[in-house]
Amino acid sequence: MTPGWSRAALAFALGLPLAAHAVDLTRLDEGMTGPRTEVLVLGTVHLSEQPPFKPEALDPLLDRLAAFKPGYITIEDIGGEQCDMAARHPTVYGEDYCGTKVVEKARAATGLDIPAAIAATDRLLAAWPAAPTPAQRRELASRFLAADDRASAYVQWLRLPERERHAGDGLDEVLVEVLRQTAQIRNEDYLVAARLAARLGLERVYQVDDHTGDNMRVSDLRTFGQQMDAAWKAGRARLDEMEKAQAGWAEAGDYLSIYRAINQPSSLQVYAEVNANAALRAVSAEHYPQMWVNGWEIRNLRMVANILQVVREKPGARVLSIVGVSHKPWFDAWLGQMQGVDVGDVEQVLR
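Encoded structure:
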């Protein structure tokens, strides 16, 4: 530094900017002329972790989501394209990146591997009639199963009249049993997303999960797991209180109250702090918790990008994104920065 000169004075004399300012990207879409896209993010509990309940317990939730009238529904599930890629690179992603049992059954029934099945579903949907026949729905369901998109196959199954839910047109008895069993699986992809899509007359849901960026390569997986468990336990006090209330509603079958509670901003703050802040404050010589947060945010970034990819060519679309509630703070924040995208008020929808 030149004696007697302040940094500001030196910058002024040299014609340099006084400070670096970030570019404001939040106002670029002011005055845009095209239709705006609206994305409603529903934070969900994982229904597989809840006590047994009847699907009808979710009907009050579905009633309110149906009133939002989404044209597209995304789910927290890995798509067949990514599963196929991971299977081709086992040294990168591991041998068990995706489940394969249903896909193998569908391949045996249809003769299609995942890439061929994806191409087949694309061809069918591109020429999809306004009033498809039961045979066409059965064929599309079989292709979705072979493409590793069970939730979309279940949408087609639900859209079939009861008497038409049988083997044929690519569905053998094995796949028919897969679809019948799907109704018994406590999973939000089927009990919320697929049922809602069928009610609204949609043909499919969209898988947007992505684990390519959080597939940790660490030297000591045991220590990694122990450190993450310790970090999360250290920050769980408020979350434990919230989950006690949720357990009471679950026992009563009052799932609408659960969804209303977990989607409140105060609850979302707790989920965000437990996932990120508690981990970042954890002491670790290996910095494992910090690595986990990096992977967590990469996963969320890629999921948000996948949501936008679904409606990239459809400005003005209304999208319902159903995702584990811990992801919602990141989804809302990052979707809110996208040009021409409005984030819906889920509290208002759930009232």
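Start counting the sequence shown at 1; every next residue gets the next number (the working numbering).
Built from N, CA and C at the ideal position, the CB exists for glycine as well.
Quick caveat: nothing in here was measured; it's all calculated off a predicted structure.
Within the model, the alpha-carbon separation for isoleucine 258 versus aspartate 229 is close to 25 Å. For arginine 36 against valine 304, the beta-carbon gap comes to about 17 Å, at or over 8 Å, which does not count as contact. In this structure, the beta-carbon distance from leucine 62 to leucine 320 does not fall below 7 Å. Pairing glycine 235 with glutamate 273, the inter-Cα distance amounts to about 8 Å.
In the DSSP secondary-structure assignment, tyrosine 206 is bridged to Thr74.
Within the same chain, Leu40, Val349 come within 6 Å of phenylalanine 68 by CB-CB distance, once the 5 residues on both sides are set aside.
When the Cα atoms are used, arginine 88 and aspartate 113 turn out to be separated by approximately 13 Å. Annotation: the continuous beta strand (DSSP E) that includes arginine 318 extends over 318-324. Assigned with DSSP and collapsed to three states, glutamate 38 falls in strand.
The straight-line gap separating the alpha-carbon atoms of glycine 43 and arginine 27 is approximately 27 Å. Comparing alpha carbon positions, the residue from Ala131, Val176, Gly336, Gln227 closest to arginine 143 is Val176. In this structure isoleucine 307 is buried. Its beta-carbon is surrounded by 16 or more other beta-carbon atoms within 10 angstroms. Taken in chain order, the complete alpha helix (DSSP H) segments of 4 residues or longer contained in the stretch 180-232 are 195-200. Taken through DSSP and simplified to helix, strand or coil, threonine 91 comes out as helix.
When rounded, the separation of the alpha-carbon atoms in aspartate 24 and glutamine 337 is 10 Å. Glutamine 246 and proline 129 have their alpha carbons spaced roughly 43 Å apart.
Pairing alanine 194 with threonine 182, the inter-Cα distance amounts to about 10 Å.
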